[in-house]
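A.B. asks: Sequential numbering from 0 applies to the sequence shown in numbering that gives the first Met the number 0. Where is the CB? At the ideal position from N, CA and C, for every residue including glycine. The structure's right below; bear with me while I get my questions together.
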Amino acid sequence: MVAREISAGIWSVGAIDWDRRLFDELIPLPNGTSYNAYLVRGRDKTALIDTVDPSKEYDLVSNLIRLGIEKIDYIVINHAEQDHAGSLPMILEFYPDAAVVTNAKCRDLLIALLHVPPEKFKIVADRDILSLGDRTLEFILTPWTHWPETQLTFLCEDKILFPCDLFGSHVAGSDLFMRDDWAAYVSAKRYYAEIMMPFRNSIRGYIDTVRALSPVMIAPSHGPIYKDPAFILDAYDDWTSDTVRNEVVLPFTSMHGSTAKMVDYFTDALLARGIAVKPFNLSKTDIGELAMALVDAATIVIATPTVLFGPHPQVIYATYLANMLRPKARFASVIGSYGWGGKSAEILVKMLDHVKAEVLEPVVVRGLPDETALRGLDRLADDIARKHKEISAV
Ligand code: FEO
0 MVAREISAGI
10 WSVGAIDWDR
20 RLFDELIPLP
30 NGTSYNAYLV
40 RGRDKTALID
50 TVDPSKEYDL
60 VSNLIRLGIE
70 KIDYIVINHA
80 EQDHAGSLPM
90 ILEFYPDAAV
100 VTNAKCRDLL
110 IALLHVPPEK
120 FKIVADRDIL
130 SLGDRTLEFI
140 LTPWTHWPET
150 QLTFLCEDKI
160 LFPCDLFGSH
170 VAGSDLFMRD
180 DWAAYVSAKR
190 YYAEIMMPFR
200 NSIRGYIDTV
210 RALSPVMIAP
220 SHGPIYKDPA
230 FILDAYDDWT
240 SDTVRNEVVL
250 PFTSMHGSTA
260 KMVDYFTDAL
270 LARGIAVKPF
280 NLSKTDIGEL
290 AMALVDAATI
300 VIATPTVLFG
310 PHPQVIYATY
320 LANMLRPKAR
330 FASVIGSYGW
340 GGKSAEILVK
350 MLDHVKAEVL
360 EPVVVRGLPD
370 ETALRGLDRL
380 ADDIARKHKE
390 ISAV
């Protein structure tokens with residue numbers, strides 16, 4: 000990516016990764032991603048905010064060279080994860096006099112992960128400021144906007160916020176600034192679901208902190224820059240709120256058709272009661288789509304066949320992921336089929352210990368579902384409809 004000016008004297012100098020399709024060997028990236036880094040020139044000092052993934056370090060260096068940057072005084076590291084900090088050792092080779100500006104926790108991680116020499120650091124605390132001459136950087140410590148050391152950097156006079164991961168999107172695109180509202184919303188929601196949702200309660204407080212700064216621009220380190228901060232702040236207000244949708248997320252696997260028949264019947268039973276439903280066939284689904292559905296849904300129902308004595312391994316994987324993401328679902332249940340026994344429902348319910356959901360009585364039947372089994376699914380759909388009404392799911 001070529002360097003592009005986002006405001007007078009402030010440049011986007013990072014890289015676009017058009018081809019990356021997996022993050023952390025876990026998260027699908029159907030649209031690639033970008034590693035945004037920003038160069039801020041003050042009257043007296045120059046600061047680089049974040050670096051890029053090491054696979055793109057030459058993009059960053061060549062952008063700085065093309066801009067004629069002979070001296071960097073400060074390299075601000077908002078987050079120690081390698082997709083933002085991984086090029087720091089190389090940048091320090093090109094700019095050996097630069098001080099690495101970050102908080103103490105981030106310093107410790109950078110030393111451990113990248114072997115950055117301890118003497119390179121200038122440590123900042125929450126709300127410390129750093130003058131560039133006519134421009135001032137303010138640092139706001141926001142633990143768990145992915146990792147425990149994460150922080151935001153605010154350029155006070157220009158009112159530009161650099162939040163690193165927070166408010167980001169995994170998308171590779173030519174547009175520096177957000178343009179297509181709906182596409183941007185979907186990308187940002189997917190990113191929130193996959194990366195930020197486990198930290199929902201912390202992030203809710205940080206949104207108020209960010210609003211109090213009255214930023215005119217939010218420039219994250221993945222995806223587009225927001226010239227209208229209210230767009231992404233309003234979306235985060237909604238996603239982090241306790242409001243849940245009148246919706247059931249229904250991940251399932253079926254081996255011989257019995258569980259699939261239950262899923263089909265149950266899907267119709269929910270729809271007939273005015274409840275939206277999102278079934279995900281785990282043999283085919285993109286796990287990111289499932290994560291996105293978990294952002295809002297009031298209820299999770301997991302459907303599984305029994306393999307030996309427990310749930311299907313695909314279902315175990317999806318349940319483990321859903322539990323790690325800590326969605327705000329208020330209710331959970333299990334449906335499925337078995338041949339000769341097993342404890343699928345008990346095992347799956349125990350796996351959801353991070354989801355603070357009330358468990359509704361599961362429907363697990365032997366073999367192909369019969370009339371009694373279908374009446375059980377009707378009962379579960381009735382229970383869900385009643386519960387959603389009680390909590391005013393929207
Ligand atoms: Fe974009 Fe937590 O790294």
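1) Per DSSP, what kind of secondary structure is Phe265 in: helix, strand or coil?
2) Any heavy atom of the ligand FEO within a distance shorter than 7 Å of the CB on Ser220?
3) Kindly indicate which three-state DSSP category Phe308 falls into: helix, strand or coil?
4) Can you tell me whether Val243 is helix, strand or coil according to DSSP?
5) Roughly how many whole angstroms lie between the Cα atoms of Val1 and Ala36?
6) What separation, rounded to the nearest whole angstrom, lies between the Cα atoms of Gly187 and Phe230?
7) Between the C-alpha atoms of Leu66 and Arg178, what's the straight-line distance to the nearest angstrom?
8) With the ligand FEO as the reference, list in chain order each residue whose Cβ lies under 5 Å from any of its heavy atoms.
9) Considering only C-alpha positions, which residue in the set Phe251, Ala290, Pro304 and Glu370 is nearest to Leu320?
10) Three-state secondary structure (DSSP) at Leu154?
11) At what residue ranges does the region 51 to 99 contain a whole run of the alpha helix (DSSP H), taking only runs of 4 or more?
12) May I have the straight-line CA-CA distance separating Ala139 from Tyr225, to the nearest angstrom?
13) Span of the alpha helix (DSSP H) holding Gly204?
14) Hey, quick one: how far does the beta strand (DSSP E) through Lys277 stretch, first residue to last?
15) Check whether the Cβ atoms of Asp241 and Lys355 sit closer than 8 Å, and answer yes or no.
16) Once you ignore the five residues that flank Ala344 on each side, which residues in its own chain have a CB closer than 7 Å to its CB?
17) Mind checking whether Ala79 and Leu47 have CB atoms under 8 Å apart?
18) Going by DSSP in three states, Ala356 sits in which element: helix, strand or coil?
19) With distances taken from CA atoms, which of Ser168, Tyr184, Thr149 and Trp339 is nearest Ser201?
20) Between the Cα of Val306 and those of Trp339, Ser168 and Ala331, spot the shortest distance and give me the residue it belongs to.
21) Within 10 angstroms of its Cβ, does Lys70 collect 16 or more other Cβ (buried), or is it exposed?
22) Please state the DSSP three-state secondary structure of Ser396.
23) In angstroms, rounded to a whole number, what distance separates the CA positions of Pro29 and Ile286?
24) Please tell me whether Gly31 and Val170 are closer than 8 Å, where the distance is taken between their beta carbons.
25) Quick check on the burial criterion: 16 or more other C-beta atoms within 10 angstroms. Buried or exposed for Arg106?
26) Between which residues of its own chain and Met196 is the CB-CB distance below 8 Å, once the five residues before and five after are set aside?
27) If you measure between the beta carbons of Pro304 and Ser282, is that distance less than 8 Å?
28) Quick check: Ala297 and Val243, are their CB atoms within less than 8 Å of each other?
29) Can you check DSSP and say which residues form a bridge with Ser33?
30) Applying the 10 Å Cβ sphere with the 16-neighbour rule, what's the burial state of Cys163?
31) Quick check: Val39 and Ile9, are their CB atoms within less than 8 Å of each other?
32) Using 8 Å for Cβ pairs, my map puts Leu151 next to Leu165. What's the rounded Cβ distance?
33) Should the region 122 to 130 be called in touch with the region 82 to 102, which here means at least 3 C-beta pairs below 8 Å?
34) With a threshold of 7 Å, establish whether the CB of Gly132 neighbours any heavy atom of the ligand NAD.
35) Measure the Cβ-Cβ separation of Ser86 and Glu56 and say whether it is below 8 Å.
36) Going by DSSP, what residue range makes up the beta strand (DSSP E) through Ala46?
C.D. replies: For this structure:
1) helix
2) yes
3) coil
4) coil
5) Val1 and Ala36 have their C-alpha atoms roughly 12 Å apart.
6) It is Ala, not Gly, that sits at residue 187 in the sequence shown. Cα to Cα, the separation comes out at about 11 Å.
7) About 26 Å.
8) Glu80, Asp82, His145 and Asp164
9) Ala290
10) Leu154 falls in the strand class under three-state DSSP.
11) 56 to 65, 81 to 84 and 87 to 93
12) In the sequence on display, residue 139 carries Ile and not Ala. The alpha-carbon atoms of Ile139 and Tyr225 are separated by roughly 19 Å.
13) Arg199 to Leu212
14) Ala275 to Asn280
15) no
16) Val333, Pro361 and Val363
17) no
18) coil
19) Nearest option by C-alpha distance: Thr149.
20) Checked all of Trp339, Ser168 and Ala331; the closest Cα to Val306 is Trp339.
21) exposed
22) Since the displayed the chain opens at 0 and closes at 393, residue 396 lies outside it and no answer follows.
23) Pro29 and Ile286: Cα-Cα distance of roughly 11 Å.
24) yes
25) buried
26) Trp238, Ala290, Leu293, Val294, Leu324, Arg325 and Pro326
27) no
28) yes
29) Ile15
30) Buried is the call here.
31) Contact flag set, yes.
32) Confirmed, about 7 Å.
33) yes
34) Looking for the ligand NAD in the displayed structure turns up nothing; the ligands present are the ligand FEO.
35) Yes; because the gap between Cβ atoms is below 8 Å, this pair is in contact.
36) Thr45 to Ile48
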